[in-house]
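Protein sequences, first through last, are from chains A and B. Per the numbering used here, the first sequence starts with residue 233, numbered consecutively. Per the numbering used here, the second sequence starts with residue 196, numbered consecutively. Just so it is clear, CB atoms sit at the ideal spot from N, CA and C, and this is done for glycine as well. Values in this document were obtained by computation on a predicted structure and should not be read as measured data. Below is one structure, written out as structure tokens, with a few remarks after it.
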Amino acid sequence: MVSYLAKRTFQGLIAIVLVLSVVFLALNLSGDPVRLMLPSTASQEAVQQLRESYGFDRPLVTRYVLFLSRVARLDFGESIGSRRPALAVVMERLGATAQLAFSSLLLATIIGIPLGIFAAINRAKGLDFFAVGVSVIGQSVPVFWIALLLILLFGVQWPILPPSGYGSFQHLILPMVTVSLFLLAGITRVTRTSMVETLDKQYLTTARAKGVKEINVVLKHAIRNAAIPIVTQLSLQFRFVIGGSVVVETIFGWPGLGQLLAQAATARDYPVVTAATFLVASFIVIANIFVDFVYTMINPKIRL
Amino acid sequence: MNYSKKEPDKSRMSEAFDEIVDSIGNYFVRMSRYRVVLLAHAAIVAIVIAAALANYYPLDPFDQNLMQSLNGPELGNPEHFPNLLGTDPLGRDLLVRILLATRISLIVGILSVGIACVVGTILGMLAGYLGGAVDAVIMRVVDALLALPFVVLGIAIVAAIGRSFFNIVFVLGLTGWITFAKLVRGQVLSLKEDEFIEAARAIGCSVTRILIRHVLPQVAGIVLVTITLTLGQMIISEATLSFLGVGIPPSIPTLGGILNDAQTYLFSAWWVVVFPGVVLMAIVLSFNLIGRFLRDYFDPQVDI
């Protein structure tokens, strides 16, 4: 188990370093970053000064090594916008994003898993068609359009919810519903497929033949066996939760990581972009390792 | 010994032709059994024709007229008549802009799926067949790309290399190939142990020949399914980047770009929000339905 953990952590570190390398390369091969950071009216001396202070006058390989060694010390440099450490600027926004991401993942799970289970039990009936419809249509609608439609409906047509902002629970509802509708499709689909496969298994026929009530067949025998693909799907959803939050935050004016990232990208605030990328990648890597431990809880046969 | 004379090429050609006609006929018979799938095919054909003929539409997509700004779609009103779906904030006809944007969406989708499919299939076959170090390197890169949500990676790279048509296709291809690589690798891992591959290896076929002549035909089905399903995702991804202002430059009309402009007029002009989204959904939904049908058509056991 310890050696497994070490191996996964090592692979995760490689993934994070590769991600940062891609960002570093994109940044450095696309022309002089200093020119992009300063307004075009900046004097030659100012350009030279900034170039030296960031070390851009040195060769690419030296800069890359320097970059990695600074990242290893969690030093991403100063935000160009606010002149404060980039990582601190990013960390401030973590709370808002976490609030949105966890509440929508929770909502999507609470609705999606029962919906998938009921659909599998009542295959090819009303509720099943509804569940399949939700998952097919949900996969085909861009998350930002769901957001716009919800604002159009509940902010403009029937103005019962604030169309944007942060603070109260009312402000959370629309962004949370948007992200969870986006997640619902995947969760429902996998739960349904996994349950349909499990319900056909012979050990469930045996259980029924023994006289186990149908409700117990489903709750005690089937769900646990169908759980592995569902948990895998939930772990894949971490990526979509954050991706969805990034898009949704910019629409609802939610002061989280996503809004910051979009602003930093437009303002060419590279230290902030790099720090945000690092934080998101680390979070996803850690979440995926955590899911492996959940597997062992569901199925004791799996040993890490 | 009396070898029968080799059949002339002509009849072999016509046999092959008959086979193709047969399989196309078979496809149509299977397809038309499901009304939804038939409708999806029809929708794609209609959308492609409409987008291809956008140039012949009597209204100019770039013709600004502030007097006609944000006219609603009122068919009865003679003043608004030529603008069937209303006008955008700059008084340009919405329908012709949506048609032009649809064409861009389809072109970007097809190009990026093309890149993703070629790169992903080749790397997936190599990783699965060769194993060892090649496999390890490719899978670490896949891990790295899976450690970031697509939007985050997209924003970070486009922030660095800038907004242009080809940069967007590049970013989409860069993230899209992992789906192909992972699926193809999985297939090749099990194929590798099959006897016909072993036989090919035994008679001294080179790796290239085995992969192209023996492995590729076996994975073609799953690749075709993935192409269809990924196409929809690519179109959504492009729209998302364009919506966030880090996609195709604003001088080219795109569905995401139109929706980005529409965001400001959410409270006064519902049509600029609703129509582009409906078209986007129709395209992606149709491709997803066709993809799901193809998956059942080729191999009912594979779940993507």
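- Here DSSP, grouped into helix, strand and coil, assigns B/Asp338 to helix.
- The beta carbon of A/Gly399 sits closer than 7 angstroms to none of the beta carbons in its chain outside the five residues before and after it.
- By the neighbour-count criterion, in which 16 or more other beta carbons inside 10 Å mark a residue as buried, A/Asn448 falls on the exposed side.
- Taking a Cβ-Cβ cut-off of 9 angstroms, A/Phe484 has no neighbours in chain B, whose nearest Cβ is about 11 angstroms from it.
- Secondary structure of B/Asp288 (DSSP, three-state): strand.
- When C-beta atoms of the segment 324-339 of chain A are compared with those of the segment 481-494 of chain A, three or more pairs fall below 8 angstroms, so the two segments count as touching.
- Shown in chain order are the members of the segment 341-369 of chain B whose Cβ falls below 8 angstroms from a Cβ of chain A: Leu341, Ala342, Leu343, Pro344, Phe345, Val346, Val347, Leu348, Ile350, Ala351, Ile352, Val353, Ala354, Ala355, Ile356, Gly357.
- The Cβ of A/Ala333 sits no closer than 8 angstroms to any Cβ of chain B.
- Annotation for B/Leu321: Val329 place their beta carbon closer than 6 angstroms to its own, counting only its chain and skipping 5 residues before and after.
- Excluding the 5 residues flanking it on each side, B/Ser227 has same chain C-beta neighbours closer than 6 angstroms at Leu233, in chain order.
- Distance from the Cα of B/Ser481 is smallest, within the candidate group B/Arg230, B/Val224, B/Val467, for B/Arg230.
- In its chain, beyond the 5 residues on either side, Phe414, Gly476, Val479 have a beta carbon closer than 6 angstroms to the beta carbon of A/Val375.
- Contact between the segment 474-490 of chain B and the segment 407-427 of chain B is present: three or more C-beta pairs spanning the two stretches fall below 8 angstroms.
- Around the C-beta of A/Ser336, 16 or more other C-beta atoms lie within 10 Å, and the residue is accordingly described as buried.
- Listed in chain order, the positions of the segment 434-451 of chain B with a beta carbon within less than 7 angstroms of a beta carbon of chain A are Ala434, Thr435, Phe438, Leu439, Gly440, Val441.
- Beyond the five residues adjoining it in sequence on each side, A/Pro395 comes within less than 6 angstroms, by CB distance, of Ile383, Gly387 in the same chain, given in chain order.
- Going by DSSP, B/Ala241 is part of the alpha helix (DSSP H) stretching over 230-247.
- Bridge partners of B/Glu390 according to DSSP: none are assigned.
- Chain B has no Cβ within less than 8 angstroms of the Cβ of A/Val234.
- For A/Thr498, at least one C-beta of chain B is nearer than 8 angstroms to its own C-beta.
- Under the DSSP assignment, A/Arg302 falls in the alpha helix (DSSP H) whose first and last residues are 292-304.
- Within the segment 386-434 of chain A, the alpha helix (DSSP H) runs of at least 4 residues that lie entirely inside it are, in chain order, 401-431.
- Residues are counted here when their Cβ sits less than 9 angstroms from a Cβ of chain B; for the segment 385-415 of chain A these are Gly387, Val388, Gln389, Pro395, given in chain order.
- Residues of chain A whose Cβ lies closer than 8 angstroms to the Cβ of B/Gly427 are, in chain order, Gln371, Ser372.
- The three-state secondary structure of B/Thr459, taken from DSSP, is coil.
- Contact note: A/Ile248 reaches chain B through Ala339, Ala342, using a C-beta cutoff of 8 angstroms and chain order.
- When the beta-carbon positions are compared, A/Val473 and A/Ala333 come within less than 8 angstroms of each other.
- A straight line joining the alpha-carbon of B/Gly315 with that of B/Leu348 spans about 18 angstroms.
- In this structure, the straight-line span from the alpha carbon of A/Ser367 to that of A/Thr420 is close to 6 angstroms.
- Listed in chain order, the positions of the segment 304-336 of chain B with a beta carbon within less than 7 angstroms of a beta carbon of chain A are Arg335, Val336.
- Against chain B, a Cβ distance below 7 angstroms from A/Leu493 picks out Val347, Ile350.
- Between the alpha carbons of A/Ser372 and A/Val523 lies a gap of roughly 27 angstroms.
- The shortest CA-to-CA distance from A/Leu338 to any of A/Leu511, A/Gln243, A/Val409 is the one to A/Val409.
- The residues Phe386, Gly387, Gln402, Ile405, Leu406, in chain order, have a CB closer than 7 angstroms to that of A/Leu393 in the same chain once the five nearest residues on each side in sequence are set aside.
- DSSP places B/Pro412 in the helix class (H, G or I) of the three-state scheme.
- In the DSSP secondary-structure assignment, A/Glu324 is not bridged to any residue.
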